[in-house]
Each structure stands twice: as C-alpha cells, then as structure tokens.
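Each number in the numbering used here corresponds to the 1-based position in the sequence shown with 30 added.
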Amino acid sequence: MKNLDTRVRNKAVEIANALLEDGYEEGRAIAIATAQAKEWNENHPEPGSKTD
Numbered sequence: 031m032k033n034l035d036t037r038v039r040n041k042a043v044e045i046a047n048a049l050l051e052d053g054y055e056e057g058r059a060i061a062i063a064t065a066q067a068k069e070w071n072e073n074h075p076e077p078g079s080k081t082d
C-alpha cells in the first residue's frame, strides 16, 4: 500500500480495517481494499482537480 497516493492509501486503510472487522483474512482484505480504493479515487476526483 505504500506505493499508493496518500489519498488512495488512506481510503484503502479505511476499507481494509472494515473488512478485517468483518472477518476477512489480512491479505485478502488488503487486496480488496486496494482495488476498491483505486476505483473510488477514479470516481471521486479531488475538489479543484481537472476532470478532462
């Protein structure tokens, strides 16, 4: 996760923690959280960023 942008990494940690609370194994939670955070970032651009 350290290769992700800070914004995406923070979202991935948030998602991973929720998945761990739901009983997912750590490796699986990280993989799912990383993919979902990247998708979330694509669909939710930062305020003030270009959306060309």
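All residues carry an ideal CB built from backbone N, CA and C; glycine is no exception.
Nothing here was measured: the structure is a model prediction, and the numbers come from that model.
Selected residue, minimal CA-CA separation from Ala61, among Ile45, Asn73, Gly78, Thr36: Here residue 61 refers to the residue found at position 31 when the sequence shown is read from its first residue. Answer by Cα proximity: Ile45.
Roughly how many whole angstroms lie between the Cα atoms of Thr64 and Gly78? The sequence position of residue 64 within the sequence shown is 34, counting from 1. The sequence position of residue 78 within the sequence shown is 48, counting from 1. Going from the Cα of Thr64 to the Cα of Gly78 covers about 24 Å.
DSSP on Asn47, reduced to helix/strand/coil? As a first step, residue 47 is located in the sequence shown; it is residue number 17 there, counting from the start. Three-state DSSP puts Asn47 in a helix.
Extent of the continuous alpha helix (DSSP H) run through Lys68: Your numbering for residue 68 matches position 38 in the sequence shown. Counting along the chain, the alpha helix (DSSP H) containing Lys68 begins and ends at 56–73.
Is it buried or exposed, Lys41, if we count other Cβ atoms within 10 angstroms and call 16 or more buried? Position 11 of the sequence shown, counted from the start, is the residue given in the question as residue 41. Counting Cβ neighbours within 10 Å, Lys41 comes out buried, since at least 16 surround it.
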